[in-house]
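Some notes on the structure that comes next.
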Amino acid sequence: KEEYERTGDNLSSVTLGIERTGRLITGAALIMATVFFSFGLAEAVVIKAIGLGMGLAVLVDATIIRALLVPATMRLMGGWNWWAPEPLARLHRRLGLSEEPFYAPDPAAPPPYEATPPARRR
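Heads up: the sequence shown begins at 24 in the working numbering, then just goes up one per residue.
Rendered as structure tokens:
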């Protein structure tokens, strides 16, 4: 959303968002799918079924839905991607939610302490 507010270009905003989050989401999905598929080694049939079903669901979500359907839908929706209903926008403003940090560090300020390597023992 920050990129859309900065540029007003939906296509570059969606592309940048997928570029920045794609590896993280895919990595997390692979870890989760591995854990869920490991439930398939259990003796109980119910645990096996749940593990295999959840593993497949996570893989489908990470590949087909997040890689194909979400970007295509966001491209079709254009500016509607970034619209929020007024009650939610009002709540957002009232709570003071922001993507900006609470404080901006002064780039000219020196670090609070100097790190020194520990002395060697002989």
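The beta-carbon is built from N, C-alpha and C at its ideal position, and this holds for glycine as well.
How would you label Ala-51, buried or exposed, when you count the other beta carbons within 10 angstroms and need 16 or more for buried? Stepping through the sequence shown from its first residue, residue 51 is reached at position 28. Ala-51 should be labelled exposed.
Per DSSP, what kind of secondary structure is Asp-32 in: helix, strand or coil? One-based indexing of the sequence shown puts residue 32 at position 9. Coil.
Whose C-beta lies closer than 6 Å to the C-beta of Leu-79 among residues of the same chain, with five residues either side of it excluded? Taking the first residue of the sequence shown as position 1, residue 79 is located at position 56. Within the same chain, Leu-79 has no close Cβ partners at all.
Span of the alpha helix (DSSP H) around Ile-73: What you label residue 73 is simply residue 50 of the sequence shown in a count that begins at 1. Start and end: 68-83.
Determine, using beta carbons only, whether Pro-110 and Ile-41 come nearer to each other than 9 Å. Numbered from 1 along the sequence shown, position 87 holds the residue referred to as residue 110. Numbered from 1 along the sequence shown, position 18 holds the residue referred to as residue 41. Not in contact: Pro-110 and Ile-41 (Cβ atoms no closer than 9 Å).
Span of the alpha helix (DSSP H), counted from its first residue to its last, around Leu-147: Nothing about residue 147 can be read from this structure; the chain reaches only from 24 to 145.
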